[in-house]
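Trainee: One structure is given below, represented as structure tokens, and several questions about it will come after.
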Amino acid sequence: MPWIPVKSADKLVYGQVTKLEKGKKLRVESFKGDRWLEITKIDENTFEINEHGFNNNVYKTNLKELKKLLKELIEEEFPRSHQLRVSITS
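In my numbering, each residue carries its 1-based index in the sequence shown increased by 9.
Written out as structure tokens, the structure reads:
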């Protein structure tokens, strides 16, 4: 799933993150690659999000709060983007 539309990015990323194996990372980045979010699955209910771009922060969240946080971060980091690149790493 290399490119996804930004309008449905929060739902698609949430679906992919919940299916990740423990310790794997999902990276969402802009076209130029200068801004990105990297979501790491720590265990079944805990995730770590590294934000790099307009803001550089690290968030730890649970599955319940993940969807809302993803939506906020995608809107904040990619305000003018139409497509986002998604990749899974270890």
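Note that beta-carbon positions come from the ideal geometry of N, C-alpha and C, so glycine has one too.
#1: Which one or two residues does DSSP pair with residue 69 in a beta bridge?
#2: Do residue 23 and residue 76 count as a contact pair if the criterion is CB distance below 9 Å?
#3: I'd like to know whether the C-beta atoms of residue 29 and residue 83 end up nearer to each other than 9 Å.
#4: Looking at chain C, is there any beta carbon in it that lies within less than 9 Å of the beta carbon of residue 80?
#5: Beta-carbon within less than 6 Å of residue 38's beta-carbon, same chain only, minus the 5 sequence neighbours each way: which residues are those?
Mentor: In terms of the structure at hand:
#1: Sequence index remark: in the sequence shown, residue 69 carries index 60 (1-based). Bridge partners of residue 69: 57.
#2: Here residue 76 corresponds to residue number 67 of the sequence shown, with the count starting at 1. Here residue 23 corresponds to residue number 14 of the sequence shown, with the count starting at 1. The answer is yes: Cβ separation under 9 Å.
#3: Within the sequence shown, numbered from 1, the residue matching residue 29 stands at position 20. Within the sequence shown, numbered from 1, the residue matching residue 83 stands at position 74. For residue 29 and residue 83, no; Cβs fall outside 9 Å.
#4: The question asks about chain C, but that chain is absent: this structure has only one protein chain.
#5: Counting from 1 along the sequence shown, the entry for residue 38 is found at position 29. Result list for residue 38: 45 and 94, in chain order.
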